[in-house]
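Heads up: the sequence lines are chains W and D, in that order. Residue 479 in this note's numbering sits at position 403 of the first sequence, and the numbers go up by one each step. Residue 748 in this note's numbering sits at position 165 of the second sequence, and the numbers go up by one each step. The beta-carbon is built from N, C-alpha and C at its ideal position, and this holds for glycine as well. Here the structure comes first, spelled out in structure tokens, and everything after it is commentary.
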Amino acid sequence: MFDGLILLGQSVLGFMDPMSLTYTFGATLLGILVGCMPGLSATLAISLLTTLTIKLPAHDAILILVCAYVGTIYGGSRTAILLNIPGTAANAAACLDGYQLARQGKAGRAMGIATTGSVAGSIFGILCLATITPWLAEKALAFQSYEFFWLALFGVMMSGSITGDDPLKGWIMGMLGLFVAQIGQDGIHALERFSFGDPNLAGGLSLIPTLVGAFGASEVLTVMSERAARPKVHAVDSIIPRFRDVIVHWKTVLRSGVIGVYIGILPGVGEDMAAWSSYAAAKRASKHPEEFGHGSVEGLIAAETGDNASIPGGIIPALALAIPGSAPAAVLLAAMIIHGVNPGPMLMIQHPQFVYDVVAMNLLATIGMLFFGLFLVKPLLKVLLVPRSMIMPIVFLLCTVGSFAIASRLFDVYTMLGVGLVGFFLRRFGYQMAPFVLGLVLGDLLDKSFRRGLVLSGGELDPFFTRPISGLLAAIVLLTLLLNIPPIHRLYTQAKQATLARFSRTA
Amino acid sequence: MTPADGQSAAGRGGLNRPAEYPAAQAGGPAQPADFLFGLFWAVLGASIAWGSWTMDRLERQGVEPYAVPGLVPGLLGLILLGFGLILALRGWRGRGAVATEEVAPSEGASESQGKAEPWRIGLALLLVLGFVLGLLGRGPPFWLCAFLFVFLAIALFEWPERRAAGTLGRGLAVAFLVAAGAAAAVSFVFQEVFLVRLP
Numbered sequence: 077m078f079d080g081l082i083l084l085g086q087s088v089l090g091f092m093d094p095m096s097l098t099y100t101f102g103a104t105l106l107g108i109l110v111g112c113m114p115g116l117s118a119t120l121a122i123s124l125l126t127t128l129t130i131k132l133p134a135h136d137a138i139l140i141l142v143c144a145y146v147g148t149i150y151g152g153s154r155t156a157i158l159l160n161i162p163g164t165a166a167n168a169a170a171c172l173d174g175y176q177l178a179r180q181g182k183a184g185r186a187m188g189i190a191t192t193g194s195v196a197g198s199i200f201g202i203l204c205l206a207t208i209t210p211w212l213a214e215k216a217l218a219f220q221s222y223e224f225f226w227l228a229l230f231g232v233m234m235s236g237s238i239t240g241d242d243p244l245k246g247w248i249m250g251m252l253g254l255f256v257a258q259i260g261q262d263g264i265h266a267l268e269r270f271s272f273g274d275p276n277l278a279g280g281l282s283l284i285p286t287l288v289g290a291f292g293a294s295e296v297l298t299v300m301s302e303r304a305a306r307p308k309v310h311a312v313d314s315i316i317p318r319f320r321d322v323i324v325h326w327k328t329v330l331r332s333g334v335i336g337v338y339i340g341i342l343p344g345v346g347e348d349m350a351a352w353s354s355y356a357a358a359k360r361a362s363k364h365p366e367e368f369g370h371g372s373v374e375g376l377i378a379a380e381t382g383d384n385a386s387i388p389g390g391i392i393p394a395l396a397l398a399i400p401g402s403a404p405a406a407v408l409l410a411a412m413i414i415h416g417v418n419p420g421p422m423l424m425i426q427h428p429q430f431v432y433d434v435v436a437m438n439l440l441a442t443i444g445m446l447f448f449g450l451f452l453v454k455p456l457l458k459v460l461l462v463p464r465s466m467i468m469p470i471v472f473l474l475c476t477v478g479s480f481a482i483a484s485r486l487f488d489v490y491t492m493l494g495v496g497l498v499g500f501f502l503r504r505f506g507y508q509m510a511p512f513v514l515g516l517v518l519g520d521l522l523d524k525s526f527r528r529g530l531v532l533s534g535g536e537l538d539p540f541f542t543r544p545i546s547g548l549l550a551a552i553v554l555l556t557l558l559l560n561i562p563p564i565h566r567l568y569t570q571a572k573q574a575t576l577a578r579f580s581r582t583a
Numbered sequence: 584m585t586p587a588d589g590q591s592a593a594g595r596g597g598l599n600r601p602a603e604y605p606a607a608q609a610g611g612p613a614q615p616a617d618f619l620f621g622l623f624w625a626v627l628g629a630s631i632a633w634g635s636w637t638m639d640r641l642e643r644q645g646v647e648p649y650a651v652p653g654l655v656p657g658l659l660g661l662i663l664l665g666f667g668l669i670l671a672l673r674g675w676r677g678r679g680a681v682a683t684e685e686v687a688p689s690e691g692a693s694e695s696q697g698k699a700e701p702w703r704i705g706l707a708l709l710l711v712l713g714f715v716l717g718l719l720g721r722g723p724p725f726w727l728c729a730f731l732f733v734f735l736a737i738a739l740f741e742w743p744e745r746r747a748a749g750t751l752g753r754g755l756a757v758a759f760l761v762a763a764g765a766a767a768a769v770s771f772v773f774q775e776v777f778l779v780r781l782p
């Protein structure tokens, strides 16, 4: 306990130099600006910044990425409140009450509530990050290939089930991501797979250019192909956050924080689901559910606390298990690996300080978020007025340069473009990129874990199902699959309704 | 995502998603896009499975059959084949979540309020393909490629609105300045600050 506090104190002090603070505030501001622009997501921001910071020392680069991550999710609430357009998917729930408050002439108050809710959620998530990560990493030391196989599959299946409107399409994208990760030399015998003799493919598709294509190029193409009206920004009243709003709704804050962290920890489930789940739970528990959707302060607090709490939540399994909790966390995980940090159960043994460094990075990002939320609200609103027709070509330019910067080869730029084009067309038909990204990041782990597990068991599949945690994860994966089959889902719903009716009669 | 979408999406609070998607169980007209995509995924899955089956099994190195390099890709191919067939069948029978462009994806740009227009899609594709395949690495310096791409993108996408508003000249001047600034800034920052080679 005290060892952890000492390590955390050392980490915080380690970042108290002018350069780290410049990176903190610069990256948080950049994140907020990106979040303010509809069409630019947290995943895109982190992917692009990974390429830009590739030459920086690992700590500085990861600090920039974490600050940009936190800033982007927070910045998205600006457009949600003022334009009724969520800046990132995570802020969609904030539109419901935030925009209604703005229409009532309380845009400033809504932004203040979003700031305090985000800070509260972030602090709660940071506390969980600092306490749960070491515990989870210790438990995960007992994990073998069997558990890691199921965790990887669980992440892809959950992401596929929950992202978008059609689980089947989500799973297809997940499988596609897992397959693309198999291209190139295999991780055990170094045999080239699906490279067709092409030396560029022998090493596999580079992760970062592929991610930049999936989230950057495809988003740029999507936004370029849509005509956007010039935004009308609502007048802004006082933006000073009212901490009283948070104190009055402390139960909502706490509940949303817990839900946010829980959803964040679930592999593959992102901030958007955390916001919606927190919002729905707050509505169910509220004394005034009728106000939700009509400018409810409680609703806005729930949404913004939930999504910001899920950021540290998503980083917990990324650090402790090397299984990302969300798509942006997947890119963050990839960036850590590129910078020579190897997340996973051994991280707490080999580099315990790094875990607390990440906690300190989140803390600094939260301070940056509060600072800009207090002092730079009105100047930031000018960003909303910049036409997207000017921003998107420049973002594509950065996607190109960023992809090339990794290894100075045009093949990576072509990879980015190819994945971007495919992603652009697939998104138009309801296929989501998040499960693809999860599959891409987890593909190598899944492949190695499955084959190593079989080697350990002499070809027997039993340990994949009979070991306690393996069995539990296997059951969840299979249930997720089965419950999405319409006839089985109908039977399940009927059985659930019958049971509930019986209980209500008994009561 | 519109507010109306948001209201319905608010019900996604729980993780038992299927309950909120009755469309997934209702019959209806055939979904040609789902059917064709399903066939495509099935063919792709079968090809992956076949490629994995015919892959070197490293028997001479004493690799056991359950550890061959093609095992996981092969299984993934078979799963993709299965999912593709289910999607095709669902599309054929007119069941399943509404496909095509009515679906509001939950990522990034999809929340924007605009609707895709064919000429914009064509122009966007032409510009990015022209920039990456036609200009980069073909001789012209990067700053010139970047300038041309950004200038053309801004000028052409804003052309109809500018012409309607009678501000075409101003629009071209703004596009020129933004493109020149972006090309110079990106070239300088990457080459001089990040010490990165440019394409």
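Residue 194 of chain W to residue 118 of chain W span [Cα, whole Å]: Near 15 Å, if we compare the C-alpha coordinates of residue 118 of chain W and residue 194 of chain W.
Local conformation of residue 699 of chain D per DSSP, three classes: Note: residue 699 of chain D maps to strand in three-state DSSP.
Taking Cβ positions, are residue 110 of chain W and residue 437 of chain W nearer each other than 8 Å? Their beta carbons are not under 8 Å apart, which means residue 110 of chain W does not touch residue 437 of chain W by this criterion.
Whole alpha helix (DSSP H) elements within the region 90–136 of chain W, 4-residue minimum: DSSP runs (the alpha helix (DSSP H)) wholly in the region 90–136 of chain W: 94–112 and 118–128.
Output, in chain order, the set of chain W residues within a Cβ distance shorter than 9 Å of residue 624 of chain D. Contact annotation for residue 624 of chain D against chain W: 248, 251 and 252 [CB-CB distance below 9 Å, chain order].
Which chain D residues are close to residue 269 of chain W, counting only those with a beta carbon under 9 Å from its beta carbon? Going along chain D in sequence order, the residues near residue 269 of chain W (Cβ under 9 Å) are 634, 635, 638, 652, 653 and 656.
C-beta neighbour in chain W for residue 782 of chain D, strict 8 Å: Residue-level contact by beta carbon holds for residue 782 of chain D and chain W, with a gap shorter than 8 Å.
What does a CB cutoff of less than 6 Å around residue 369 of chain W pick up in its chain, not counting 5 residues either side in sequence? Closer than 6 Å at Cβ, skipping near neighbours: 172.
First through last residue of the alpha helix (DSSP H) which encompasses residue 466 of chain W: Boundaries of the alpha helix (DSSP H) harbouring residue 466 of chain W: 464–483, taken from the DSSP string.
Which class does residue 775 of chain D belong to by DSSP, given the choice of helix, strand or coil? If DSSP states are grouped into helix, strand and coil, residue 775 of chain D belongs with the helices.
Quick one: is residue 771 of chain D near chain W, going by C-beta distance under 8 Å? Taking Cβ atoms only, chain W never reaches closer than 8 Å to residue 771 of chain D, which makes this a no.
Going by the beta-carbon positions, is the gap between residue 667 of chain D and residue 621 of chain D smaller than 8 Å? For residue 667 of chain D and residue 621 of chain D, yes; Cβs fall inside 8 Å.
Buried or exposed: which applies to residue 157 of chain W, given that a residue is buried once 16 or more other Cβ atoms fall within 10 Å of its Cβ? The C-beta of residue 157 of chain W has 16 or more other C-beta atoms within 10 Å across all chains shown, which makes the residue buried.
Using a Cβ cut-off of 8 Å, pull out every chain W residue sitting near residue 616 of chain D, in sequence order please. Going along chain W in sequence order, the residues near residue 616 of chain D (Cβ under 8 Å) are 505.
Inter-residue CB distance, residue 429 of chain W and residue 89 of chain W (contact presumed, cutoff 8 Å): Contact flag wrong, Cβ pair sits at about 12 Å.
Identify the contact partners of residue 347 of chain W in chain D, using a Cβ-Cβ distance below 8 Å as the criterion. Residues of chain D passing the Cβ test: none, with the nearest at roughly 11 Å.
Beta-carbon of residue 642 of chain D versus every beta-carbon of chain W: anything under 8 Å? Judged by the 8 Å Cβ criterion, residue 642 of chain D is not in contact with chain W.
Where residue 676 of chain D falls: helix, strand or coil (DSSP): Helix.
Report the rounded CA-to-CA distance for residue 714 of chain D versus residue 502 of chain W, giving the unit in angstroms. Spanning the two alpha carbons is a distance of roughly 22 Å.
Run of the alpha helix (DSSP H) containing residue 237 of chain W, from where it starts to where it stops: Residues 221–238.
Close beta carbons around residue 656 of chain D, own chain, < 7 Å, minus the five adjacent residues each side: Residues 631 and 635 of the same chain have their beta carbon placed closer than 7 Å to that of residue 656 of chain D, with the five preceding and five following residues left out of the count.
Where the region 728–745 of chain D meets chain W: residues whose CB sits under 8 Å from a CB there: For the region 728–745 of chain D, the set of residues with a beta-carbon nearer than 8 Å to any beta-carbon of chain W comprises 729, 732, 733, 736, 737, 740 and 741, in chain order.
Short check: CB of residue 122 of chain W to CB of residue 407 of chain W, under 8 Å? Result yes, Cβ atoms of residue 122 of chain W and residue 407 of chain W sit closer than 8 Å.
Indicate whether at least one CB of chain W lies closer than 8 Å to the CB of residue 698 of chain D. Yes, contact with chain W.
Taking the alpha carbon of residue 477 of chain W as the point to measure from, which residue in W:248, W:92, W:431 and W:130 has its own alpha carbon closest? Taking residue 477 of chain W as reference, the option from W:248, W:92, W:431 and W:130 with the minimal CA-CA separation is W:130.
So, residue 227 of chain W versus residue 342 of chain W, is the Cβ gap smaller than 8 Å? Result no, Cβ atoms of residue 227 of chain W and residue 342 of chain W do not sit closer than 8 Å.
By the three-class DSSP mapping on this structure, what secondary structure does residue 536 of chain W have? Residue state, collapsed to three classes: coil.
Is it right to say residue 214 of chain W is buried, meaning 16 or more other beta carbons lie within 10 angstroms of its own, or is it exposed? With fewer than 16 other Cβ atoms within 10 Å, it is exposed.
What does the Cβ neighbour count give for residue 574 of chain W, buried or exposed, with the cut at 16 atoms within 10 Å? So residue 574 of chain W ends up on the exposed side.
At what residues does the alpha helix (DSSP H) containing residue 561 of chain W begin and finish? No alpha helix (DSSP H) holds residue 561 of chain W; DSSP gives it neither H nor E.
Are the C-beta of residue 690 of chain D and some C-beta of chain W separated by less than 8 Å? Below a pLDDT of 50, predicted positions are generally treated as unreliable, and residue 690 of chain D, at 42, falls in that range; no measurement from the model is reported.
Would the beta-carbon of residue 138 of chain W be found less than 7 Å away from any heavy atom of the ligand NAP? Within the structure as shown, the ligand NAP is missing, as the structure has no ligands at all.
Residue 516 of chain W versus residue 250 of chain W: straight-line alpha-carbon distance, rounded: Rounded to the nearest whole angstrom, the C-alpha separation of residue 516 of chain W and residue 250 of chain W is 8 Å.
So, for residue 167 of chain W: in the same chain, excluding its five sequence neighbours on each side, which residues have a beta-carbon less than 6 Å away from its beta-carbon? Once the five neighbours on either side are set aside, the close Cβ partners of residue 167 of chain W are 152, 153 and 156.
Can you find a CB in chain D that lies within less than 8 Å of the CB of residue 577 of chain W? Contacts with chain D at 8 Å (Cβ-Cβ) do not include residue 577 of chain W.
Might you give, ordered along the chain, the residues of its own chain that have their beta carbon closer than 6 Å to the beta carbon of residue 446 of chain W, omitting 5 neighbours on each side? If we look at residue 446 of chain W and ignore the five residues flanking it on each side, its Cβ neighbours are 195.
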